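Below is one structure, written out as structure tokens; comments come after it.
2 protein chains.
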Amino acid sequence: MIPSKLRRLVPVLEWGRTYNKTMLMDDGIAAVIVTIMLIPQSLAYALLAGLPPEAGLYASIAPIVLYAIFGTSRVLAVGPVAVVSLMTAAALGQVVQSGTADYISAALTLALISGGILLVMGLFKLGFLANFLSHPVIAGFITASGILIAASQLKHVLGVDAHGHTLWEVLLSLASNMGAVNFYTVAVGSGALLALFWMRTGLKPALFRLGFGATLAGNITKAGPVFAVFMTTLLAYLFKLDDKGVQIVGHVPQSLPPLVMPNLNFGLIEALFMPALLISVVGFVESVSVAQTLAAKRRQRIDPDQELIGLGAANIGAAFTGGYPVTGGFARSVVNFDAGARTPAAGAYTAMGLAFAALFLTPLIFYLPKATLAATIIVAVLSLVDFSILKKTWNYSKKDFSAVAATILVTLFFGVELGISVGVITSIVLFFFKTSRPHVAEVGLVSGTEHFRNINRHKVLTVESLVSIRIDESLYFANARVLEDTIYNRVAKDQPIKHVVLMCSAVNALDLSALESLEAINLRLKDMGVLLHLSEVKGPVMDRLQRTDFVEHLTGGVFLSQYQAYEALAPEIIEGEKARRTLLAS
Amino acid sequence: MIPSKLRRLVPVLEWGRTYNKTMLMDDGIAAVIVTIMLIPQSLAYALLAGLPPEAGLYASIAPIVLYAIFGTSRVLAVGPVAVVSLMTAAALGQVVQSGTADYISAALTLALISGGILLVMGLFKLGFLANFLSHPVIAGFITASGILIAASQLKHVLGVDAHGHTLWEVLLSLASNMGAVNFYTVAVGSGALLALFWMRTGLKPALFRLGFGATLAGNITKAGPVFAVFMTTLLAYLFKLDDKGVQIVGHVPQSLPPLVMPNLNFGLIEALFMPALLISVVGFVESVSVAQTLAAKRRQRIDPDQELIGLGAANIGAAFTGGYPVTGGFARSVVNFDAGARTPAAGAYTAMGLAFAALFLTPLIFYLPKATLAATIIVAVLSLVDFSILKKTWNYSKKDFSAVAATILVTLFFGVELGISVGVITSIVLFFFKTSRPHVAEVGLVSGTEHFRNINRHKVLTVESLVSIRIDESLYFANARVLEDTIYNRVAKDQPIKHVVLMCSAVNALDLSALESLEAINLRLKDMGVLLHLSEVKGPVMDRLQRTDFVEHLTGGVFLSQYQAYEALAPEIIEGEKARRTLLAS
């Protein structure tokens, strides 16, 4: 019997016990489909990360197996993804020269640090930290990264040299090299682009019209990139396009993922730590979103903290087997899901397929034009670009809008790392700003009910001697002083006020700074001959107040409900209401 | 006629119009008292900042006048203060060699940057940013700074050399130099210390017993430090203590504050920017707290944004007249207030007094022992040390406690700059942590009322087919996912559930991430055959929801009150209650 704690930490021990033949079949079919799709994708993302193509294959093998053992999603497919590949290129580009052995080895270090961070976060159950990336910020970041990635791949489609980690740099660099455009490359690249775009949109309907079944049509569509790879490789081989200036993939070693040691130089680790942290967080958020979406469709659940451990293990695996940072990818996971994968074993079979490809199929891609891979990436990432989030947030909330706009602009023009950081910081600062200036409503009794609402929005009953103020925010250091100001200003305005009732239905917490402000308000109102009361104080807040002598010193009372406060302090209103009710009843 | 906008920006134009002879008398008397107190204090704080004594005097002249023109507090006394002097020493110590001309000129640069920051914050109305320093963090920081300052002054009392910006460094440095203790210095220093402590605690009662009036006794007490300065200077002169190794102030130029230009070297400005920011914020918070406390006593109000402008002008003034960063000081402002100052003109008269001292009295302090000044500082700052905040926060909230403890420990052992930064960051992170895991209560009807409370804390009426969930937090990106989990878990538990009512009385805001979560919840519950309703949605939140199509897609309704939701969805409960009520009435 395996202890339940161990089973939770190593989920394979849980689902592995009930694995059967039907599951094997389903998983096997899904694996074949995913493998075919992953081969060109892995090569392409390696290219995007500035690494040799085999790094993409290697990064898809050990990580998939490790995630299958430690992860909780049944269908997540782990490996190189577009955004993380771009972030890898940005991180490494700052530290080492692209195209060198140092670059490849630094990629391993980056994966190792990233894996370590994820693992530690998982062990300390810090999965909730991912919540600090708001949906709009993620959407904006993905959109901006998509544009940036597409722009960075244009050079391969045009057959020119270009560099840069921001949209500006990339476009400038492209423009200055436009003289060197290679027309054979442009022909191959734009042909692949057009074909891929058509396969994404026009192929499935066309197959339907030809009488293909939905599943088959879907699977043929997914194999589209493989077809583009095959055709352009064949063309390059037949017409010796490499002699005419078309860049091809060339020699890729025929090998299983090598067992290698990441560079553990301290200076390198220090330089890569912050980028690795950002990559970890972005990768985790992307992966968890995908996993949660897919799990919800089958009424399954995933455990974010255990996901961190699974992704951590996957990245550490990538670091020791010639890969680079990986995470759960959207496209491949959806394909895996649609193809009917039932358990993480499907991932393991995919790994076997890719290992087979790495061992035997690499000579076949010698003539594969890089322009084709670039076209694959461009088509994939442009489907992520979606500016509707700007309109959506503009309509809904200018605060959300500013966070998205800042994320998009900074990502495009200052790079991915700054972009995502600015997004997170902007949303946190705006949230703080909001809570530090709380909405405050003066409330009165909605006639015929025991309910109290804003006197400016609803027709309510009030009485001159009593002011009921509802503060719509937890009270804490950032807004404690605002509360004081609000109350003093309100009380100073009206002479006949005898009671102030603070309706605390929206006060979810009250820290020491706020308590001190309340004490000050209590004393100050006392000086003015006004009593301070509280109503609808929540359990957790009341528990805390009772640890102090605040309630003893309070000049007024603490009422369970605002209505009871009115019963005690404004009986004339309540009597009037009762009379009216009796009248209505009779 | 002066435009009202200008009058608001330059408050002197407001109060200056009604200035009369009584005010002049009151202000004049206060100025004399404050001047006498400020002379030794200014010299001492300059010493603490690592600057020549005259810098303290200069920093008290132009800044006072500028604050009198632009500030809004009637009684705030601006000049060198303990904590800011310590922070100045810490900031400059990292960049330039102490005791050099560069050091003095860098102090001007620091004051200029700090003044610029304050001014810009004021013009952009960023005064609310000071609210991010919570009361407990400030209390902890002041206490730790007090200890650090007292420790740093021990060297002058012992007559040894010692350095360091953390408690550890200072104590180690002192310990290693203990062999060089100068006993004449110790005699002067400890004599001054004892005398000052006694004057602070024992002198006033003694004067009362001798039949002095309260005001006179108070004023004599305040002049205590001047007496200590006078006596030890006399002793040093008579016994030529400087030949016996007692450090004296020595030659101080007889001059009005010089008109000087701060060093505007870009590298220096860059290096001092962050420290200047911290100094500005800490100085502003200290100053505003003092100003607000004193204004409240006379039912006056201050304007935090205008205070920023006043303090900014004061610091810029200090930068061009040989001073260093200044702010509104607690001790001197209280003295000014107690002495009866009526308008900022009292500050201007104080400035005249200090200018007179700078011009004519500096030869008198040639023999003033530095040990006396150090004793003045130690006595002043030890009165700020108050560990009760640790006990108070421990009892009230472990979160507040951790923020204070972190602030105190980091300030003592890693220095003031890191200390205050850690305090602010800790309290913000803890607040976020709290709001990202909101308290959630399932509620039911309190019998005999229309009020709904937590089913675990109160005896309430509920019905099986309806779950009412009150989320005690604004819904936003950091907790949107928690909401989903909570609802799914609750609904999955019970089969007969037909309705879920989200009681939104504590939901003060709802951002786009949360809206998306609500949409997801709505769809998911629909799949399960459960309707989602909202109740008690606040005006501002409802306004926002109405900009979207959420309410149209909502499977259930939006109820004004939770009671109305019960009337519609659980009529059996309401009928029962009405029957009971009728029974009671009859």
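Protein chains in written order, with the working numbering: chain A, 2 to 587; chain B, 2 to 587.
Heads up, the beta-carbon is just placed ideally off N, CA and C, and yes, glycines get one too.
Every value quoted in this text rests on a predicted model; they were computed, and no experiment measured them.
Partner residues on chain A for residue i, Cβ-Cβ distance less than 9 Å
i: GLU576(B); result: By Cβ distance, chain A contributes nothing, its closest Cβ being about 15 Å from GLU576(B), past 9 Å.
Paired residues, beta bridge with residue i - DSSP
i: MET504(A); result: ARG471(A), SER536(A)
i: HIS440(B); result: ASP473(B)
i: ILE249(A); result: PRO370(A)
i: VAL461(B); result: VAL447(B)
i: LEU585(B); result: Note: LEU585(B) sits in no beta bridge, so no partner.
i: LEU513(A); result: Looking at the DSSP assignment, LEU513(A) forms no beta bridge with any residue, so it has no partner.
i: GLY557(A); result: None; GLY557(A) has no bridge partner.
i: THR377(B); result: Paired residues: none, contrary to the question.
i: GLY80(B); result: THR328(B)
Chain A contact residues for residue i, given Cβ-Cβ distances below 7 Å
i: PRO541(B); result: HIS440
i: ALA292(B); result: Neighbours of ALA292(B) on chain A: none; closest Cβ ~12 Å, over 7 Å.
i: SER428(B); result: PHE478
i: ASN1(B); result: With chain B covering only 2 through 587, there is no way to say anything about residue 1(B).
i: PHE432(B); result: TYR477
Proximal chain B residues relative to residue i, where beta-carbon distance stays under 8 Å
i: HIS554(A); result: What HIS554(A) touches in chain B: nothing, since even the nearest Cβ is about 15 Å away.
i: LEU516(A); result: TYR397
Contact check, residue i vs residue j, beta carbons under 8 Å
i: THR23(A); j: LEU273(A); result: no
i: VAL250(A); j: PHE361(A); result: no
i: VAL291(A); j: GLY341(A); result: no
i: VAL227(B); j: ILE37(B); result: yes
i: TYR59(A); j: GLY311(A); result: no
i: ALA193(B); j: THR234(B); result: no
i: GLU443(A); j: SER469(A); result: yes
i: VAL423(A); j: GLY445(A); result: no
i: VAL1(B); j: VAL538(B); result: Since the first and last residues shown for chain B are 2 and 587, residue 1(B) lies out of range.
i: VAL514(B); j: TYR477(B); result: It should be noted that the sequence gives Ser, not Val, for residue 514(B). Yes, the pair counts as a contact, with Cβ atoms nearer than the cut-off.
i: PRO439(A); j: GLU465(A); result: no
i: LEU77(A); j: SER288(A); result: yes
i: GLY544(B); j: ARG343(B); result: Checking the sequence shown, residue 544(B) turns out to be Asp, not Gly. No, Cβ-Cβ distance for ASP544(B) and ARG343(B) is not below 8 Å.
i: GLY540(A); j: ARG458(B); result: yes
Listed by chain order, chain B residues near residue i by CB distance under 9 Å
i: ASP387(A); result: By Cβ distance, chain B contributes nothing, its closest Cβ being about 14 Å from ASP387(A), past 9 Å.
i: GLU474(A); result: SER475, ASN509, ALA510
i: LYS393(A); result: LEU513, THR549
Within chain B, the residues that residue i reaches when beta carbons sit closer than 7 Å
i: ARG482(A); result: ASN132
i: ASP401(A); result: ASP512, LEU513
i: THR549(A); result: TYR397
i: THR450(A); result: GLU451, SER562, TYR564
i: LYS589(A); result: No information on residue 589(A) is available, as it lies outside the stretch 2 to 587 that chain A covers here.
i: ARG545(A); result: TYR397, SER398
Partners in chain A for residue i, counting only beta-carbon separations shorter than 8 Å
i: ARG458(B); result: GLY540
Problem - Residues of the stretch 128–156 of chain B with Cβ closer than 7 Å to any Cβ of chain A, in chain order - result: PHE129, ASN132, PHE133, SER135, HIS136, PRO137
Problem - Complete runs of the beta strand (DSSP E) confined to the stretch 391–458 of chain B [at least 3 residues] - result: 440–447, 453–455
Handout entry: Contiguous alpha helix (DSSP H) assignments of at least 4 residues, all confined to the stretch 185–225 of chain B
Key = Within the stretch 185–225 of chain B, the complete alpha helix (DSSP H) runs of at least 4 residues are 204–210, 215–223.
Exercise for the section: Any chance you could list the beta strand (DSSP E) runs of at least 3 consecutive residues sitting entirely within the stretch 129–173 of chain A, in chain order? Expected result: none
Exercise for the section: Output the residue ranges of the alpha helix (DSSP H) runs that lie fully inside the stretch 13–52 of chain B and measure 4 residues or longer, sorted by chain position. Expected result: 13–16, 22–49
Exercise for the section: Kindly provide the ranges of any beta strand (DSSP E) runs that are 3 or more residues long and lie completely inside the stretch 226–311 of chain A, ordered along the chain. Expected result: none
Exercise for the section: Identify each residue in the stretch 494–507 of chain B for which the Cβ-Cβ distance to at least one residue of chain A is less than 8 Å, and report them in chain order. Expected result: Of all residues in the stretch 494–507 of chain B, only SER506, ALA507 place a beta-carbon less than 8 Å from a beta-carbon of chain A.
Exercise for the section: Scan the stretch 304–355 of chain A and note each continuous alpha helix (DSSP H) run of 4 residues or more that stays entirely inside, going in chain order. Expected result: Segments of the alpha helix (DSSP H) lying fully in the stretch 304–355 of chain A: 305–321, 331–339.
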